[in-house]
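**Q** My questions will all concern the structure given below.
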Amino acid sequence: MRSDLPKVLHQAAGRPLVRWVVDAARQAGARPIVLVVGYGRDQVKEALAGEEDLRFVTQEEQLGTGHAVGQAESLVRESGAEDVFVLCGDGPLVRPETLERLARRRRETGAACALATATLDDPSGYGRTLRDEGGRFLGFVEEKNATPQQLAIREVNPSYYCFEVGPLFAALGKVERDAVSGEFYLTDVPPLLAKQGCRVEVVEGIEPEEALSVNTPQQLAQAEQALLRRVEGPAGR
Numbered sequence: 094m095r096s097d098l099p100k101v102l103h104q105a106a107g108r109p110l111v112r113w114v115v116d117a118a119r120q121a122g123a124r125p126i127v128l129v130v131g132y133g134r135d136q137v138k139e140a141l142a143g144e145e146d147l148r149f150v151t152q153e154e155q156l157g158t159g160h161a162v163g164q165a166e167s168l169v170r171e172s173g174a175e176d177v178f179v180l181c182g183d184g185p186l187v188r189p190e191t192l193e194r195l196a197r198r199r200r201e202t203g204a205a206c207a208l209a210t211a212t213l214d215d216p217s218g219y220g221r222t223l224r225d226e227g228g229r230f231l232g233f234v235e236e237k238n239a240t241p242q243q244l245a246i247r248e249v250n251p252s253y254y255c256f257e258v259g260p261l262f263a264a265l266g267k268v269e270r271d272a273v274s275g276e277f278y279l280t281d282v283p284p285l286l287a288k289q290g291c292r293v294e295v296v297e298g299i300e301p302e303e304a305l306s307v308n309t310p311q312q313l314a315q316a317e318q319a320l321l322r323r324v325e326g327p328a329g330r
């Protein structure tokens, strides 16, 4: 983003990116909301200060998304919640309705995980969702590691999850470090659960714009345009 400002504090439609995510989770019934912070932690805490349902935990070492979620374990367990949404602070286009669909699917099926997918006309830059011949979920593959056949897949992972608390943290303890980056990835958890025989549900048909995460000024502009359309539309956000 070419800025010292933490990415999640960049503004879209007059609000920080992370504020849109927090509000979506809150509208979907999440309480409390645990934010895992690292770079710029004090700025993030200041921007969201005074909200009683927010809890903060610090990821002291930047060891990947799986490691980040693991830092929230004690706060999540203390809450007594049966399940938990896992979201990224740079994905401001997630809708409360999408999160409600995830939670409902997980609870109705008894799945260890319900995850969202979107089908894009141009999936460039996104991890692809892998399925077996029967359509069952297998896992994800990052674009840089994908075969030509996998690159043709248009179903992508926007990184919206609803996990049952126990299986999530049990699986995180079994995730191995990536051989190249040395990090622990959350995307390893759903396929690990599936291999263990746990049920993993895929909620398909998420609106393509919801898959957008913000990593560049151009994507920030795209997110702002989409959010403004929602706010100015007949029903608003």
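Using our numbering, read the sequence shown as starting at 94 and increasing by one per residue. Beta carbons are placed, not taken as given, at the ideal position from N, Cα and C, and that holds for glycine.
Could you tell me if G220 is buried or exposed, where buried requires 16 or more neighbouring beta carbons within 10 angstroms of its beta carbon?
**A** buried
**Q** Along the chain, where does the alpha helix (DSSP H) containing A161 start, and where does it finish?
**A** Going by DSSP, A161 is part of the alpha helix (DSSP H) stretching over 158-163.
**Q** Which of the three DSSP states, helix, strand or coil, is assigned to D116?
**A** helix
**Q** Which parts of the segment 187-219 are runs of the beta strand (DSSP E), unbroken and 3 residues or longer, counting only runs that do not cross its ends?
**A** 206-209
**Q** Which one or two residues does DSSP pair with T222 in a beta bridge?
**A** In the DSSP assignment, T222 forms a beta bridge with F233.
**Q** Contact check, L265 vs V162 under 8 Å by CB: the rounded distance?
**A** 6 Å
**Q** Can we say the segment 139-153 touches the segment 213-230, given the rule of at least three CB pairs closer than 8 Å?
**A** no
**Q** In this structure, how does DSSP classify A314 when only helix, strand and coil are distinguished?
**A** In this structure, A314 counts as helix in the three-state DSSP scheme.
**Q** In the DSSP assignment, what are the bridge partners of G131?
**A** G133
**Q** Residue range of the alpha helix (DSSP H) that E166 falls in?
**A** 166-172
**Q** Using 8 Å as the Cβ pair cut-off and three pairs as the minimum, do the segment 191-209 and the segment 250-262 touch?
**A** yes
**Q** Using beta-carbon positions only, say whether F230 and V295 come within less than 8 Å of one another.
**A** yes
**Q** Under DSSP, the alpha helix (DSSP H) around L286 begins and ends at which residues?
**A** If you look at L286, you'll find it in the alpha helix (DSSP H) that goes 282-288.
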